[in-house]
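Trainee: Structure in structure tokens, see below.
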Amino acid sequence: MTERLLFIDDDLNFLNSLSNVVELHHHTLFKAPHLNEGLDILKHHPIDLLFIDVGLGAESGILAVKAMKKQYPQLNIVMLSACRDPKIVVDAMRAGALDYITKPLDSAKFCGVMQLVGQQTRTQGRKESSSEKSLALGKGRAIIFRSRKFQAIIQQADQLKGHHANVLITGETGTGKELLARYLHQIEGKSDRPFIAVNCAAIPDHLMETELFGAERGAYTGSHARRIGKFELADGGDIFLDEIGSLKSNLQAKILRVLQEKEFSRIGGSATIPTNFRVIAATNDKLEQMVSRNQFRLDLYHRLRVIEIHMPALRVRIDDIPLLVDHFLKKHALGPVKRMSSAAMEKLLAYYWPGNVRELENVIQSLVILCPEEMIDADHLPTWSMNGVTVADAQPQKMNQPSPNGAVEPLKNYLYRAESSYLQHVLMTTKGDKSKAAKVLDVGRTTLYSKLREYGLLE
Numbered sequence: 002m003t004e005r006l007l008f009i010d011d012d013l014n015f016l017n018s019l020s021n022v023v024e025l026h027h028h029t030l031f032k033a034p035h036l037n038e039g040l041d042i043l044k045h046h047p048i049d050l051l052f053i054d055v056g057l058g059a060e061s062g063i064l065a066v067k068a069m070k071k072q073y074p075q076l077n078i079v080m081l082s083a084c085r086d087p088k089i090v091v092d093a094m095r096a097g098a099l100d101y102i103t104k105p106l107d108s109a110k111f112c113g114v115m116q117l118v119g120q121q122t123r124t125q126g127r128k129e130s131s132s133e134k135s136l137a138l139g140k141g142r143a144i145i146f147r148s149r150k151f152q153a154i155i156q157q158a159d160q161l162k163g164h165h166a167n168v169l170i171t172g173e174t175g176t177g178k179e180l181l182a183r184y185l186h187q188i189e190g191k192s193d194r195p196f197i198a199v200n201c202a203a204i205p206d207h208l209m210e211t212e213l214f215g216a217e218r219g220a221y222t223g224s225h226a227r228r229i230g231k232f233e234l235a236d237g238g239d240i241f242l243d244e245i246g247s248l249k250s251n252l253q254a255k256i257l258r259v260l261q262e263k264e265f266s267r268i269g270g271s272a273t274i275p276t277n278f279r280v281i282a283a284t285n286d287k288l289e290q291m292v293s294r295n296q297f298r299l300d301l302y303h304r305l306r307v308i309e310i311h312m313p314a315l316r317v318r319i320d321d322i323p324l325l326v327d328h329f330l331k332k333h334a335l336g337p338v339k340r341m342s343s344a345a346m347e348k349l350l351a352y353y354w355p356g357n358v359r360e361l362e363n364v365i366q367s368l369v370i371l372c373p374e375e376m377i378d379a380d381h382l383p384t385w386s387m388n389g390v391t392v393a394d395a396q397p398q399k400m401n402q403p404s405p406n407g408a409v410e411p412l413k414n415y416l417y418r419a420e421s422s423y424l425q426h427v428l429m430t431t432k433g434d435k436s437k438a439a440k441v442l443d444v445g446r447t448t449l450y451s452k453l454r455e456y457g458l459l460e
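FYI, in the working numbering the residues of the sequence shown are 2 to 460.
So this is what it looks like as structure tokens:
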């Protein structure tokens with residue numbers, strides 16, 4: 002969306018350099034080397050965002066901010082300075098400035114400021130862009146997005162409304178697979194349809210069968226009453242089997258039979274119980290590889306994977322990060338909702354996020370609790386998170402670096418970077434020809450497309 006930006010600064014070289022940054026992002030630029038000229042522009046043009054230098058010759062930018070906020074209370078103002086003085090930062094915020102940034106203004110800083118302005122605009126209750134979506138799922142859960150990648154995910158999910166086909170949701174840990182499962186259930190619009198969630202990795206193997214099938218009284222030692230299983234509770238609705246790849250082979254065979262016959266018996270019982278439910282399974286494992294290693298049944302894999310939806314990693318949908326930050330700041334607020342500075346937002350946008358949306362929420366929650374200021378700045382961000390891998394470290398030119406900036410990272414993160422980087426390198430070599438790329442890599446086209454989806458390389 003095009004914004005009208007006014008810069009008031011007595012540094013003519015700085016003003017002349019702005020066109021390269023501001024107009025590149027298709028915003029309208031107004032410039033004033035003196036305060037009076039800036040006030041005249043404000044009087045005759047509807048300005049969306051004002052940038053003003055902290056010291057305007059003999060005039061004080063901070064005093065000017067106070068006066069402007071009094072006359073234009075809805076105006077968003079950002080202070081500019083050649084250096085970052087903590088005392089001046091505090092004074093600027095108290096005067097009513099939205100943010101405080103140091104010159105020169107490069108594209109990264111500018112984008113961070115504009116994201117912050119968008120966040121503030123939503124907080125003030127102005128009209129959101131039609132591309133920004135929040136799908137409420139109850140109990141504080143919501144799917145927040147604006148990126149085209151996630152819009153495509155929701156469009157794919159919407160196509161499944163009214164169908165009873167099993168769905169396999171794949172993706173890294175923390176990408177929101179259960180939220181999507183709940184959305185698939187919710188869009189059916191029938192409040193009496195049960196949604197039963199089971200984490201297959203969280204339940205010990207010897208208890209998992211009882212959890213799913215239930216048990217009759219006396220079926221095992223200590224069983225003093227009949228127990229109803231998840232398959233029975235899910236009748237007429239959906240059962241969500243999270244981390245499906247952790248199931249042992251004997252249980253895989255029993256689940257397959259239930260899906261084929263649509264009936265089962267409780268442990269210790271002989272009565273056949275009919276059931277009819279949709280399975281929504283999720284995994285961060287590569288089930289195709291598990292099938293080839295005989296760790297997962299091929300027939301069960303095909304039963305579950307009638308429809309497959311791959312959840313993109315947060316690092317390939319960075320357009321959604323400011324919206325998610327805004328959502329989590331409100332969700333975990335202990336009082337007035339804190340704000341994120343443009344410098345902090347720049348760090349959040351650059352970080353690799355191996356734990357995806359779940360990691361982002363944990364970081365924001367800790368900042369809400371621990372940051373004493375209303376404005377969260379880059380210095381407040383946790384070093385254990387922000388000194389880690391960045392998105393740039395996964396680019397092809399960085400593929401030979403074992404760990405960026407000397408940081409230690411989990412093996413799976415390094416392998417992810419290496420594989421993603423090599424795929425990008427091969428695609429550049431073949432000029433985007435995926436058939437040639439598959440031959441170079443000695444893999445099938447299906448496998449290549451699966452990899453490209455996983456790494457967010459398939460548009």
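Quick reminder that beta carbons are idealized off the backbone N, C-alpha and C, glycines included. Model, not experiment: these values are computed from the prediction.
Over what stretch of residues does the alpha helix (DSSP H) that includes tyrosine 101 continue unbroken?
Mentor: From DSSP, tyrosine 101 is part of no alpha helix (DSSP H) but of the beta strand (DSSP E) over 100 to 103.
Trainee: According to DSSP, is serine 521 helix, strand or coil?
Mentor: It is not possible to answer for residue 521, since the shown part of the chain is limited to 2 through 460.
Trainee: Taking the alpha-carbon of arginine 194 as reference, which of Met209, Gly163, Asn14 has the nearest alpha-carbon?
Mentor: Selected option, being the one with the closest Cα: Gly163.
Trainee: Roughly how many angstroms lie between the CA atoms of threonine 171 and alanine 379, to the nearest whole one?
Mentor: Taking the straight line from one Cα to the other gives about 33 Å.
Trainee: Mind checking which residues open and close the alpha helix (DSSP H) that includes isoleucine 63?
Mentor: Looking at the DSSP string, the run of the alpha helix (DSSP H) that includes isoleucine 63 is 62 to 72.
Trainee: Tell me whether leucine 106 sits in a helix, a strand or coil according to DSSP, three-state version.
Mentor: Leucine 106 falls in the coil class under three-state DSSP.
Trainee: Tell me, to the nearest whole angstrom, how far the beta carbon of valine 66 is from that of alanine 33; I am working on the premise that it is less than 8 Å.
Mentor: No, valine 66 and alanine 33 are not in contact; Cβ-Cβ is about 15 Å, not under 8 Å.
Trainee: Thinking just about the alpha-carbon of each residue, which of Val358, Leu349, Glu289, Ile377 is nearest to the one in glutamate 337?
Mentor: It should be noted that the sequence gives proline, not glutamate, for residue 337. With distances taken between Cα atoms, proline 337 lies closest to Ile377.
Trainee: Ordered along the chain, which non-local residues of its own chain (more than five positions away) have a Cβ less than 7 Å from that of glutamate 189?
Mentor: Lys162, listed in sequence order.
Trainee: With DSSP collapsed to three states, give me the class of glycine 172.
Mentor: Reduced to three states, the DSSP call for glycine 172 is coil.
Trainee: Taking buried to mean at least 16 other C-beta atoms within 10 Å of its own C-beta, is glycine 433 buried or exposed?
Mentor: With fewer than 16 Cβ atoms within 10 Å of its Cβ, glycine 433 is classed as exposed.
Trainee: DSSP three-state call for serine 18: helix, strand or coil?
Mentor: Serine 18: helix per DSSP, three-state reduction.
Trainee: Using alpha carbons as the reference points, say which of Ile53, Met209, Asn37, Ala198 lies closest to asparagine 251.
Mentor: It is Met209 whose Cα lies nearest to the Cα of asparagine 251.
Trainee: Just to confirm my understanding: we take leucine 325, look at its own chain, exclude 5 residues before and 5 after, and list those with CB closer than 7 Å. What are they?
Mentor: Once the five neighbours on either side are set aside, the close Cβ partners of leucine 325 are Ile145, Val358, Leu361.
Trainee: Quick one: give me the first and last residue of the beta strand (DSSP E) that alanine 33 is part of.
Mentor: Looking at the DSSP string, the run of the beta strand (DSSP E) that includes alanine 33 is 29 to 33.
Trainee: Tell me which residues share the same chain as alanine 226 and place their Cβ nearer than 8 Å to its Cβ, disregarding the 5 neighbours each side in the sequence.
Mentor: Counting only Cβ-Cβ distances below 8 Å, and skipping sequence neighbours, we find Arg218.
Trainee: Just to confirm before moving on: does the CB-CB distance between leucine 305 and leucine 428 stay below 8 Å?
Mentor: No, they are not a contact pair.
Trainee: When we look at the beta-carbon of glycine 39 and count the other beta-carbons within 10 Å, is it buried (16 or more) or exposed?
Mentor: Its Cβ being crowded by 16 or more others within 10 Å, glycine 39 is buried.
Trainee: Can you tell me the Cα-Cα spacing of arginine 147 and histidine 328, whole angstroms?
Mentor: Computed Cα separation, rounded: 13 Å.
Trainee: Within its chain, find whatever has a CB closer than 8 Å to the CB of leucine 416; leave out the 5 residues flanking it on each side and keep chain order.
Mentor: There are no such residues.
Trainee: So the candidates are Pro323, Ile322, Asp321, Ile281; which of them puts its Cα closest to the Cα of histidine 303?
Mentor: Taking only the C-alpha atoms, the option nearest histidine 303 is Ile281.
Trainee: Hey, quick one: how far does the beta strand (DSSP E) through phenylalanine 278 stretch, first residue to last?
Mentor: That residue, phenylalanine 278, is in no beta strand (DSSP E); it is neither H nor E in DSSP.
Trainee: Which two residues bound the contiguous alpha helix (DSSP H) that contains histidine 46?
Mentor: Neither: histidine 46 is in no alpha helix (DSSP H) and is coded neither H nor E.
Trainee: Once the 5 residues before and after lysine 70 are set aside, which same chain residues still bring their CB inside 8 Å of it?
Mentor: Hits under 8 Å: Leu76, Ile78, Ala96, Gly97.
Trainee: Since I believe phenylalanine 278 is in contact with glycine 238 (beta carbons under 8 Å), could you give me their beta-carbon distance rounded to a whole number of angstroms?
Mentor: Rounded, the Cβ-Cβ distance is 6 Å, consistent with contact.
Trainee: Classify asparagine 1: buried if its beta carbon has 16 or more other beta carbons within 10 angstroms, exposed otherwise.
Mentor: Here the chain comprises residues numbered 2 to 460, so residue 1 is not present and cannot be evaluated.
Trainee: Evaluate lysine 440 with the Cβ neighbour count: other Cβ atoms within 10 Å of its Cβ, from every protein chain shown; 16 or more gives buried, anything less gives exposed.
Mentor: Exposed is the call here.
Trainee: Report the CB separation of isoleucine 274 from glutamate 233 in whole angstroms; it is logged as a contact under 8 Å.
Mentor: 6 Å between Cβ atoms; contact.
Trainee: What's the call for serine 342, buried or exposed, on a 16-neighbour Cβ count within 10 Å?
Mentor: The residue in question, serine 342, is buried, as its Cβ has 16 or more Cβ neighbours within 10 Å.
Trainee: Kindly identify the DSSP beta-bridge partner or partners of glycine 56.
Mentor: Paired residues: Ser61.
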